[in-house]
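Here is the structure we will look at, set down as structure tokens.
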Amino acid sequence: MKTQKKKRLDILISDRGLTESREKARQLILAGAVSISGKTDLKPGQFFPLHTKIDIREAPKYVGRGGIKLEKVIQDFGFLVDGMVAIDVGASTGGFTDCLLQNGVKFVYAIDVGYGQLAWKLRQDLRVGVMERTNIRQVSLTQFNLPIDIAVVDVSFISLRKVVPVVKDIIEPTGDILVLVKPQFEAGRGLVEKGGVVRDPNVHIDVLHGLIKFIMELGLFIMAISFSPIRGAAGNMEFFIWIKCDGINQQNWSDRVKLVVQNAHFTLS
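Residue numbering for the sequence shown follows the numbering used here, beginning at 2 and increasing consecutively.
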């Protein structure tokens, strides 16, 4: 039987003239603007037959899907970023960074343990300090020329419990932290289903309660919680927690957590 020839998806797209360059094709794929058989969770390096039908919607607003997630909570929380200096922990392609810049942030330090992932348009932007091959747990305040007002955090394969204390020591005493909670990296192994997915709303509730308790024990303050408008990798529901370095913890978050989880399951199911 004759084997079908295949090519990387980013090369397929650029070879067909669907984008002006392979880099642009890569950006569109990572931003979720490319679909094959209705599937958008694709990677530039995936191989497909040469005659695969590829659909590309209009250019996305942000270089990565993270921008869509962050935009919603900035609006929902009334989170003011204009004129601020930020760090984007786990920047990857730069969805969060792009969103921050489009909402008026003055400068962003884009931090990631990986290399070569940040979108080209952000690499060229003088408002972005690229810090690749950088583990946030090994970063010190001396590495930043500007005081940090805001931190946004989107990390994988590590618990936020290992990241938030470090971020707390980097940003200003009056600073704000927005963390994206990925339950599959916070729940115990026995609570994560096959494929790395957490579906049980009770596990989501327990994860959020545990993180809130941990954050408050660090002397930080919870301002708001919400859920991401789109699912993450493998279809996981994700949540946001807005943390402030100074403030007053007045609210009992138990009822709010349950409501947020209920709304997430209703909206995203």
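Backbone N, C-alpha and C define an ideal beta-carbon position, used for all residues, glycine too.
8 Å contact criterion, which residue i and residue j should meet: CB distance rounded
i: Asp-132; j: Ala-111; result: The sequence as given places Met at residue 132; Asp does not occur at that position. The pair is a contact, with the Cβ atoms about 6 Å apart (cut-off 8 Å).
i: Val-204; j: Pro-184; result: 6 Å
i: Phe-222; j: Gly-248; result: 4 Å
i: Leu-181; j: Phe-241; result: 6 Å
i: Val-258; j: His-210; result: 6 Å
i: Pro-166; j: Leu-127; result: The pair is not a contact, with the Cβ atoms about 31 Å apart (cut-off 8 Å).
Helix, strand or coil at residue i according to DSSP, with G and I counted as helix
i: Arg-257; result: helix
i: Val-74; result: helix
i: Pro-167; result: Looking at the sequence shown, residue 167 is not Pro but Val. Val-167: helix per DSSP, three-state reduction.
i: Ser-227; result: strand
i: Val-86; result: strand
i: Arg-285; result: A query on residue 285 cannot be resolved here, the shown segment of the chain reaching from 2 to 270 and no further.
i: Ser-141; result: coil
i: Ser-15; result: helix
heavy atom of the ligand GDP below 7 Å from residue i C-beta
i: Lys-8; result: Annotation note on the ligand GDP: not contained in the displayed structure, which lists no ligands.
Cutoff 7 Å; reference residue i; Cβ partners in own chain excluding five residues on either side
i: Arg-200; result: Glu-194
i: Ser-15; result: Ser-22, Arg-23 and Ala-26
i: Gln-103; result: none
i: Pro-63; result: Reading off the sequence, residue 63 comes out as Tyr, not Pro. Same-chain partners within the cutoff: Ala-32, Ile-69, Gly-96, Asp-99 and Cys-100.
Distance, residue j Cα to residue i Cα
i: Lys-122; j: Arg-58; result: 20 Å
i: Thr-98; j: Ser-141; result: 20 Å
i: Gly-189; j: Thr-20; result: 43 Å
i: Thr-53; j: Glu-187; result: 38 Å
i: Ser-255; j: Gln-125; result: 44 Å
i: Val-109; j: Phe-80; result: 16 Å
i: Leu-260; j: Lys-73; result: 17 Å
From the options, residue whose alpha carbon lies closest to that of residue i
i: Asp-170; options: Cys-246, Asp-126 and Gly-233; result: Cys-246
i: Gly-39; options: Gly-46, Gln-125, Phe-49 and Ile-55; result: Ile-55
i: Asp-11; options: Ala-32, Gly-33, Lys-44 and Arg-232; result: Lys-44
i: Ser-227; options: Leu-219, Ala-234, Gly-236 and Ile-213; result: Ile-213
i: Trp-243; options: Ile-75, Val-164, Gly-130 and Phe-145; result: Ile-75
i: Ser-157; options: Ala-234, Asn-253 and Ile-37; result: Ala-234
i: Lys-163; options: Ile-137, Phe-145 and Asp-256; result: Ile-137
6 Å Cβ shell around residue i - same chain, five flanking residues per side excluded
i: Lys-6; result: Leu-51
i: Arg-134; result: Tyr-116
i: Val-106; result: Val-82, Met-85 and Ala-87
i: Thr-1; result: What the structure shows of the chain is the stretch from 2 to 270, and residue 1 is not part of that stretch, so it cannot be assessed.
i: Ala-225; result: Phe-78 and Trp-243
Cut-off 8 Å between Cβ atoms - residues of its own chain near residue i, not counting five sequence neighbours on either side
i: Glu-173; result: Pro-148, Ile-149, Asp-150 and Cys-246
i: Lys-8; result: Asp-16, Phe-48, Phe-49 and Leu-51
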